[in-house]
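Chemist: Sharing a structure, written as structure tokens. Questions coming.
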């Protein structure tokens, strides 16, 4: 009896610990990020940091303006969103509503497989196939551009968008579709007028989470976007993203230098952006629960 | 049966929870050396390590890259015995070392010459350091201004974590002037590795980039640079680097956290020996003494 109790207690305690572990980790990471990142602002003003146009971190004195990096990240993310959202939505509609059973399974497995490809592999494939192609097709001086990064990142956002959207479409009650068909609507009319509006909050969440995935992606963008810290004026020019900057420069920094703190401060900016995106996704999903 | 399952589950959960405790212990062994740092020197370090381990089977040497700064940071944190660096330690880094109570020792183990490369079809053959500075700071934007075709120049640099980047910034972009505030122009592409620079320069007719002599091959064309000493354009070769006529050569360095002792001292003696220096030449770097170069 007491033995069983003991086991019960231990198991419950361990499961509880595992349950709250993720929250503790997030908190610890956030505190560490803040602690290191905020040190920067003893040396550099917030405005100067966020809106400075020049990123020369290893010069004496360093110039730590991350506007080109923020814009670089947003530029690449915007491009990836424009490419992946229509593709992802169309793909999810096909898988969820149109494809026959066997094809549905094949496609779902394919999408999941796409999610399983490590980003460095995608980056490498992009470097040797996509980059020369972009250079040739658009007649550019180099293929290491924002558009290459956007195309590659679209591939990475697709699985997230498709799988979450497909769940959202599945959650639309069967009766809605049957009712619509019974009223004489075609399948396309049913999808467009009934299914998509009913699943709209799930769709928004899917898009948001896809964007969140893209903003934080590092390896592939670092390999194929050229990493030049210019304020981007076109998709066909090299850009430098925030993630690539942190990854490329963290190894070099002298710990405790302004450069080191600046990289953590970039981390805070990135964290804030992904946090807002996830929050929006959460609101979208939450809104759905209230309505149905 | 269910009881047994519970027990197994408990055991598994316990194992996982104990695994999560920080029990990482770095093995400090009298026969092992951890070497870290410059990507330029990784292959060289590897070759030395292999030759040394061949002679001393009990020795265990691990060589990793990551950039000169990475190696120096690791040296400060005590996670490596030797930091390989293709640039001299900065005042900031020396200050940090003093704070940590380390008496850093610097040993020169070889010389590297930087080649400035373009696509083989580029008609430009030679440049001065001033012209290079103008290219990398964005003052000159078209090959036409340098006697080439009417094409915009695609400028390639190494990433900032590279000792090569810092050397090129100081010696070419700023022309060796300490008080210069010149910078790489923002549109300069920052490449992650010497191979990446080589690949882009080999495939792109308008590109110009730089990397160590060791990476030079027939897919790219190395430019001759104007030598201050001879007032002539000299090619990046081992001979020209050794006699000091080629302008872009730099020391390859080892940094130690104190006096070399035991196996580390043996390894450094080996590196500086005739045999160690002939490996430098085999890896297409420049040895410290000319007698290491076999007469032809």
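Chains as they are written, first to last, in my numbering: chain A, 35 to 326; chain B, 169 to 464.
Using N, Cα and C, we set each Cβ at its ideal position, and we do this for glycine too.
(1) How should residue 457 of chain B be labelled, buried or exposed, when 16 other C-beta atoms within 10 angstroms of its C-beta is the threshold for buried?
(2) Does the beta-carbon of residue 425 of chain B have 16 or more other beta-carbons within 10 angstroms, so that it is buried, or is it exposed?
(3) Taking Cβ-Cβ distances shorter than 8 Å, what residues in chain D pair up with residue 264 of chain B?
(4) Closer than 7 Å, Cβ to any Cβ of chain B: which residues of the region 170 to 181 of chain A, in chain order?
(5) Cβ of residue 289 of chain B less than 8 Å from any chain A Cβ?
(6) Whose CA, out of B:453, B:298, B:215, B:408, lies closest to the CA of residue 379 of chain B?
(7) If you compare alpha carbons, which of B:209, B:199, B:200, B:217 is closest to residue 443 of chain B?
(8) Any beta-carbon of chain B closer than 8 Å to the one on residue 261 of chain A?
(9) For the alpha helix (DSSP H) that residue 105 of chain A lies in, which residues bound it at each end?
(10) Please classify residue 336 of chain B as buried or exposed, where buried requires at least 16 neighbouring CB atoms within 10 angstroms.
(11) Excluding five sequence neighbours on each side, which residues of the same chain lie with their C-beta closer than 7 Å to the C-beta of residue 56 of chain A?
(12) For residue 159 of chain A and chain B, any beta-carbon pair shorter than 8 Å?
(13) Please classify residue 298 of chain B: does DSSP put it in a helix, a strand, or coil?
(14) Closer than 7 Å by beta-carbon distance: list the chain B residues that pair up with residue 90 of chain A, in chain order.
(15) Residues bridged to residue 88 of chain A by DSSP?
(16) Please list the terminal residues of the continuous beta strand (DSSP E) segment that includes residue 202 of chain B.
(17) Beta carbons nearer than 8 Å to chain A: which residues of the region 441 to 458 of chain B have them?
(18) Could you check how far apart the C-beta atoms of residue 274 of chain A and residue 101 of chain A are, in whole angstroms? I think they sit under 8 Å.
(19) Determine the extent of the beta strand (DSSP E) in which residue 232 of chain B is found, giving its start and end residues.
(20) Which one of A:316, A:291, A:310 has the shortest CA to CA distance from residue 71 of chain A?
(21) Check residue 166 of chain A in the structure and name its three-state DSSP category.
(22) One question on the structure: do residue 365 of chain B and residue 324 of chain B come within less than 8 Å of each other, judged by their Cβ atoms?
(23) Which of the three DSSP states is assigned to residue 311 of chain A in this structure?
(24) Does DSSP put residue 454 of chain B in a helix, a strand or coil?
(25) Go through its chain and collect everything with a Cβ distance to residue 231 of chain B's Cβ below 7 Å, but skip five positions before and after it.
(26) I need the straight-line Cα distance from residue 321 of chain B to residue 131 of chain A, nearest angstrom please.
(27) Determine the DSSP secondary structure at residue 188 of chain B, reduced to helix, strand or coil.
(28) For residue 90 of chain A, which residues of its own chain have a beta-carbon under 7 Å away from its beta-carbon, when the five flanking residues on both sides are left out?
(29) Under DSSP, the alpha helix (DSSP H) around residue 139 of chain A begins and ends at which residues?
(30) Hey, how far is the Cα of residue 272 of chain B from the Cα of residue 414 of chain B?
(31) Would you mind stating whether residue 254 of chain B and residue 206 of chain B have Cβ atoms separated by less than 8 Å?
(32) Counting only the same chain and skipping the five closest in sequence on each side, list residues whose C-beta sits under 7 Å from that of residue 239 of chain A.
(33) Return the chain-ordered ranges of every alpha helix (DSSP H) run that is complete within the region 236 to 267 of chain A and spans a minimum of 4 residues.
(34) With contact counted as at least three CB pairs below 8 Å, one residue from each stretch, are the region 217 to 236 of chain A and the region 167 to 183 of chain A in contact?
(35) Does DSSP classify residue 280 of chain B as helix, strand or coil?
(36) Does the beta-carbon distance from residue 327 of chain B to residue 282 of chain A come in below 8 Å?
Modeler: According to the data block:
(1) As a working mapping, residue 457 of chain B is identified with position 289 in the second chain. So residue 457 of chain B ends up on the exposed side.
(2) Reading the second chain from its first residue, position 257 is the one you call residue 425 of chain B. Buried, by the Cβ-count rule.
(3) The displayed structure is made up of protein chains A and B, and chain D is not among them.
(4) Interface annotation for the region 170 to 181 of chain A against chain B: 175, 176, 178, criterion Cβ-Cβ distance under 7 Å.
(5) Taking the first residue of the second chain as position 1, residue 289 of chain B is located at position 121. No, no contact with chain A.
(6) Along the second chain, read from residue 1 onward, the residue named residue 379 of chain B stands at position 211. Ranking B:453, B:298, B:215, B:408 by CA distance to the CA of residue 379 of chain B puts B:453 first.
(7) Within the second chain, the letter at position 275 stands for residue 443 of chain B. The shortest C-alpha separation from residue 443 of chain B is found at B:217.
(8) The residue given as residue 261 of chain A occupies position 227 in the first chain. Residue contact with chain B for residue 261 of chain A: present (Cβ-Cβ distance below 8 Å to some residue of chain B).
(9) Here residue 105 of chain A refers to the residue found at position 71 when the first chain is read from its first residue. Here the alpha helix (DSSP H) through residue 105 of chain A covers 101 to 127.
(10) The residue given as residue 336 of chain B occupies position 168 in the second chain. Label assigned to residue 336 of chain B: buried.
(11) Counted from its first residue, the first chain places residue 56 of chain A at position 22. Apart from sequence neighbours up to five positions away, no residue of its chain approaches residue 56 of chain A with a beta-carbon distance below 7 Å.
(12) Mapped onto the first chain, residue 159 of chain A falls at position 125. By this cut-off, residue 159 of chain A is not an interface position.
(13) Within the second chain, residue 298 of chain B is the residue found at index 130, counting from 1. Three-state result, residue 298 of chain B: helix.
(14) Working through the first chain from its first residue, we reach residue 90 of chain A at position 56. Residues of chain B whose Cβ lies closer than 7 Å to the Cβ of residue 90 of chain A are, in chain order, 351.
(15) In the first chain, counting from the first residue as 1, residue 88 of chain A sits at position 54. For residue 88 of chain A, DSSP records no beta bridge to any residue.
(16) On the second chain, residue 202 of chain B is found 34 positions in, with the first residue counted as 1. For residue 202 of chain B, the enclosing beta strand (DSSP E) starts and ends at 200 to 205.
(17) Contact annotation: in the region 441 to 458 of chain B, no residue has its CB less than 8 Å from a CB in chain A.
(18) Residue 274 of chain A sits at position 240 when you count from the first residue of the first chain. Residue 101 of chain A sits at position 67 when you count from the first residue of the first chain. Here residue 274 of chain A is actually not in contact with residue 101 of chain A; their C-beta atoms are around 11 Å apart, not less than 8 Å.
(19) Here residue 232 of chain B refers to the residue found at position 64 of the second chain. Start and end: 228 to 232.
(20) Looking up residue 71 of chain A in the first chain gives position 37. Put simply, of A:316, A:291, A:310 the residue whose alpha carbon is nearest the alpha carbon of residue 71 of chain A is A:291.
(21) Counting from one through the first chain, the residue named residue 166 of chain A turns up at place 132. In the three-state reduction of the DSSP assignment, residue 166 of chain A falls in the helix class.
(22) What you label residue 365 of chain B is simply residue 197 of the second chain in a count that begins at 1. What you label residue 324 of chain B is simply residue 156 of the second chain in a count that begins at 1. Cβ atoms of residue 365 of chain B and residue 324 of chain B: closer than 8 Å.
(23) Taking the first chain and counting its residues from 1, the one referred to as residue 311 of chain A is at position 277. DSSP, reduced to helix, strand and coil, places residue 311 of chain A within a helical segment of the structure shown.
(24) On the second chain, residue 454 of chain B is found 286 positions in, with the first residue counted as 1. Per DSSP, reduced to three states, the secondary structure at residue 454 of chain B is strand.
(25) As a first step, residue 231 of chain B is located in the second chain; it is residue number 63 there, counting from the start. Cβ contact annotation for residue 231 of chain B (same chain, cutoff 7 Å, sequence separation greater than five): 203, 210, 213, 214, 217, in chain order.
(26) Mapped onto the second chain, residue 321 of chain B falls at position 153. Mapped onto the first chain, residue 131 of chain A falls at position 97. Residue 321 of chain B and residue 131 of chain A have their C-alpha atoms spaced approximately 52 Å apart.
(27) Position 20 of the second chain holds residue 188 of chain B. Low confidence applies to residue 188 of chain B: its pLDDT is 39, below 50, so where it sits in the model is not reliable enough to give any reading.
(28) Locating residue 90 of chain A in the first chain gives position 56, counting from the first residue. So the qualifying residues of the chain are 96, 97.
(29) Working through the first chain from its first residue, we reach residue 139 of chain A at position 105. In this chain, the alpha helix (DSSP H) harbouring residue 139 of chain A covers 135 to 150.
(30) Reading the second chain from its first residue, position 104 is the one you call residue 272 of chain B. Reading the second chain from its first residue, position 246 is the one you call residue 414 of chain B. So the alpha carbons of these two residues sit roughly 30 Å apart.
(31) As a position in the second chain, residue 254 of chain B is number 86, starting the count at 1. As a position in the second chain, residue 206 of chain B is number 38, starting the count at 1. In this structure, residue 254 of chain B places its C-beta atom within 8 Å of the C-beta atom of residue 206 of chain B.
(32) What you label residue 239 of chain A is simply residue 205 of the first chain in a count that begins at 1. Only 198, 315, 318, 319 meet the Cβ criterion.
(33) Secondary structure in the region 236 to 267 of chain A: the alpha helix (DSSP H) runs of 4 residues or longer, each lying completely within the stretch, are 253 to 258 in chain order.
(34) Counting C-beta pairs with one atom in each stretch, the region 217 to 236 of chain A and the region 167 to 183 of chain A have fewer than three that are closer than 8 Å, which means they do not touch.
(35) For the purposes of this step, residue 280 of chain B is taken as residue 112 along the second chain, with counting starting at 1. Note: residue 280 of chain B maps to strand in three-state DSSP.
(36) Sequence index remark: in the second chain, residue 327 of chain B carries index 159 (1-based). Sequence index remark: in the first chain, residue 282 of chain A carries index 248 (1-based). Less than 8 Å divides the Cβ of residue 327 of chain B from the Cβ of residue 282 of chain A.
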